[in-house]
């Protein structure tokens, strides 16, 4: 379920130039640019992980439990860090930084600024895995195409983590019609590499999948470990 190390181009097929150009064009329309690892990560997902994907109930259950613990403890650590080194920062502004919707800026203390950036980045991987596990577990429960749901979830994660998208959103014509936008364009370009045109999901289906992914990510962000429990126990105790 977890992400593996990104292989080099000598060990894995790489996205064709035109496909990569079309993906970058979609991201550019959203005002985004890829990080250096975006292309090899997409290649790994499309050419290795997607073909080999098999739903494993126990692995999903374990991953959910472990990532939930990670997110709770990271939330507790982040709040204690704020209280110690930047107590004047309002909690709502701190949450925006941790969610990656704003960059920390402290002209007088670059060390704390870098620490907060690092904490926010550290949350990305467990948050993405937790949301992805929930999405595919729910897809399995409703007898949907779990492999395709997994792929959309992974691609949404790349959009957020390796193109630095601020959110998962689509547009709709004011007079009604099919959803559209850079995110849908990106998903269709990437999915077309491994799925024939006749089997590609339509924009409405993609919009539904994007909405589910967004809801799970928001649920992950809401995971909290009450600080009162920290004080009561004098520390953290892992719950199995």
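Numbering (the numbering used here), first residue to last: 841 to 1080. Just so it is clear, CB atoms sit at the ideal spot from N, CA and C, and this is done for glycine as well. Just so you know, these numbers come straight off a predicted model, no measurement behind them.
The region 983–995 and the region 1009–1019 do not touch, with fewer than three beta-carbon pairs separated by less than 8 Å. Per DSSP, residue 928 lies in no alpha helix (DSSP H) segment and is marked neither H nor E. A direct Cα-to-Cα measurement between residue 995 and residue 1056 gives close to 15 Å. Comparing alpha-carbon positions, the option among 979, 927 and 873 lying closest to residue 900 turns out to be 979. The Cβ atoms of residue 1000 and residue 1060 lie no closer than 7 Å to each other. When C-alpha distances from residue 957 are compared across 934, 985 and 975, the shortest belongs to 934. Per DSSP, reduced to three states, the secondary structure at residue 980 is helical.
Annotation for residue 868: no residue places its beta carbon closer than 6 Å to its own, counting only its chain and skipping 5 residues before and after. If the five residues before and after residue 987 are omitted, its C-beta is found closer than 6 Å to the C-beta atoms of 893, all from its own chain and listed in chain order. Residue environment analysis places residue 947 among the exposed positions, since fewer than 16 neighbouring C-beta atoms fall within 10 angstroms of its C-beta.
The beta-bridge partner set that DSSP reports for residue 1020 consists of 1011. Here DSSP, grouped into helix, strand and coil, assigns residue 960 to helix. Cβ-Cβ separation between residue 1030 and residue 884: approximately 12 Å, too far for a contact (criterion under 8 Å). Within the same chain, and ignoring the five residues on either side of residue 853 in sequence, the residues whose Cβ sits closer than 7 Å to its Cβ are 883 and 887.
The beta strand (DSSP E) runs lying completely inside the region 888–927 and spanning 3 residues or more number zero. A distance below 7 Å between beta-carbons, with the five flanking residues on each side excluded, links residue 872 to the following residues of its chain, in chain order: 1003, 1004 and 1005.
Ranking 1048, 909, 922 and 1008 by CA distance to the CA of residue 870 puts 1008 first.
Contact between residue 962 and residue 914 holds, since their C-beta atoms are separated by about 7 Å, short of 8 Å. Taken atom to atom, the span from the alpha-carbon of residue 862 to that of residue 1026 is near 8 Å. Remark: fewer than three beta-carbon pairs, one from each stretch, lie closer than 8 Å, so the region 971–985 and the region 909–926 are not flagged as touching. In this model, residue 855 and residue 944 are separated by some 34 Å (Cα to Cα).
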